[in-house]
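Have a look at the structure below before the remarks.
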Amino acid sequence: MAFSKPFLEEVKRRNNLTDLISRFVPLKRAGSNMVGCCPFHSEKTPSFTVFPATESYYCFGCGAGGDAITFVMQSEGLEYREAVEQLAKLAGVPLEEEQNDRGRPLAPAVKKDRLFAVNKAAARFFYAKLQSPEGEYARAYLQKRRFSDTTVKRFGIGYAPAGWDGLCKHLHAQGFTDLEISTAFLGRAGKNGSMFDLFRNRLMFPIFDLTGEVVAFSGRRLSEDDERKYVNTSDTPVFKKSRVLFGLNFAKNDAQDGLILCEGAPDCIAMQQAGFGNAIATLGTAITGEHAHGHDDPCHHHRLFRPQLYLCYQDSPRFPSHQEGLRYRQRLRRTPARQGCHHQQGRSA
Ligand SMILES: [Zn+2]
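If you're matching positions, the sequence shown starts at 1224 in this note's numbering and goes up one per residue.
Given below as structure tokens:
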């Protein structure tokens, strides 16, 4: 999160939600709340409610809800950052410097070339590890999923070993600095100051941008004891998680008939191997969760390609029900560029 909590609170405090929403929809008082017709779905009986006490809103018809920031995002189709900046401007709150998660100013920028280089070196390392004796279990998983050697090569699938610092040591030996490694989200400094790997004992899927550079990784767990099924690169100067979809570099030329959005890299690769060249995947994150946290929509690419989008998601705690899928589809329908999304339930592994 790039903004500090006090800053966000100040921005929200100085923007009166009822006034903000009244600019879009006429609101009427109903007890201590305000009601009106929902700006996000078409209705004749007002089910859109603003709660001044909590500075929040909720539509009992379509489930749209949130605070001033989400309202600006939803109503104007803005990204989180843009919405916050717009609200800050409206209320005359000066913008603060970008900060990292711990509230410190961001470290001096690492050159993008170096980030591409360090990612490429990491991808080669993971690929070599998959072919080594250490990668035996990972290879067995790939065999179970019936991924051919050609597929493994085409997608550059690799293995991040279980040790703590194999990759960091390898990258150091290649001349990469701690700052370059940590900026690329490949390693982090531990309490004693030495670097440790952020991907451990995982099947590694490099994520390519549309020009074919490795910009990030999606790491799938190999041990069910690992709490997180996927660990993905966080945002870096060359990678915005909410903007990049896995496999789009391969799928972009097959997008005429629409894109099939799968739940993770392995599903996307399986589909591609089976002949669906138009399969892509979100990066192991729930599309709904991304929204809730104010990130961009994975269907953002829809604006670029404007094809039909088919959702191929299984029921999972992160994407709990068909109902939610339908709600998501409804949300996509709110903007004309995003029409034609279909939700299809399927199985994922
Ligand atoms: Zn509504």
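Every residue gets a Cβ at the ideal spot worked out from N, C-alpha and C, and that includes glycine.
Rounded to whole angstroms, what's the CA-CA distance from residue i to residue j? Just pull it up for me.
i	j	result
residue 1458	residue 1253	43 Å
residue 1276	residue 1229	19 Å
residue 1355	residue 1333	32 Å
residue 1278	residue 1245	13 Å
residue 1304	residue 1439	22 Å
residue 1234	residue 1408	30 Å
residue 1429	residue 1406	16 Å
residue 1468	residue 1255	44 Å
residue 1183	residue 1401	For the chain, the structure presents residues 1224 to 1572; residue 1183 sits outside this window and is missing.
residue 1494	residue 1470	11 Å
residue 1387	residue 1486	28 Å
residue 1553	residue 1285	Here the model assigns residue 1553 a pLDDT of 47, short of 50, so the residue's position is not dependable and the matter cannot be decided.
residue 1249	residue 1231	27 Å
residue 1263	residue 1431	34 Å
residue 1472	residue 1416	37 Å
residue 1392	residue 1335	21 Å
residue 1451	residue 1425	11 Å
residue 1369	residue 1455	23 Å
residue 1363	residue 1302	41 Å
residue 1488	residue 1453	10 Å
residue 1434	residue 1288	37 Å
residue 1247	residue 1241	10 Å
residue 1463	residue 1319	21 Å
residue 1505	residue 1309	28 Å
DSSP on residue i, reduced to helix/strand/coil?
i	result
residue 1414	coil
residue 1527	Only weak support exists for where residue 1527 lies, its pLDDT of 35 falling under 50; the value from the coordinates is given anyway. Three-state DSSP puts residue 1527 in a helix.
residue 1421	coil
residue 1237	helix
residue 1270	coil
residue 1441	strand
residue 1263	coil
residue 1455	strand
residue 1368	coil
residue 1334	coil
residue 1390	helix
residue 1258	strand
residue 1430	strand
residue 1276	coil
residue 1358	helix
residue 1228	helix
residue 1352	helix
residue 1283	coil
residue 1385	coil
residue 1252	strand
residue 1474	helix
residue 1504	strand
residue 1310	helix
residue 1402	helix
residue 1243	helix
residue 1408	coil
residue 1292	helix
Hey, residue i and residue j are a contact pair by Cβ (cut 8 Å); roughly how many whole angstroms apart?
i	j	result
residue 1483	residue 1502	5 Å
residue 1378	residue 1292	Not quite, the Cβ-Cβ distance comes to about 37 Å (not below 8 Å), so this is no contact.
residue 1421	residue 1360	No, residue 1421 and residue 1360 are not in contact; Cβ-Cβ is about 20 Å, not under 8 Å.
residue 1179	residue 1474	Residue numbering for the chain in the displayed model covers 1224 to 1572; residue 1179 lies beyond these limits and cannot be assessed.
residue 1282	residue 1274	That pair is no contact at about 12 Å.
residue 1295	residue 1306	4 Å
residue 1413	residue 1390	Not a contact, Cβ separation roughly 14 Å.
residue 1427	residue 1404	Actually they are not in contact, since the Cβ atoms of residue 1427 and residue 1404 sit about 15 Å apart, beyond 8 Å.
residue 1385	residue 1349	Not really, about 13 Å apart at Cβ, beyond 8 Å.
residue 1353	residue 1315	Contact doesn't hold; Cβ gap of about 55 Å is too wide.
residue 1338	residue 1461	5 Å
Quick one: is the Cβ of residue i within less than 7 Å of any heavy atom of ligand 1?
i	result
residue 1263	yes
residue 1253	no
residue 1284	yes
residue 1271	yes
residue 1361	no
residue 1340	no
residue 1276	no
residue 1412	no
residue 1385	no
residue 1493	no
residue 1287	yes
With a threshold of 8 Å between beta-carbons, can residue i be considered close to chain C, or not?
i	result
residue 1370	Of the protein chains in this structure there is only one, and it is not chain C.
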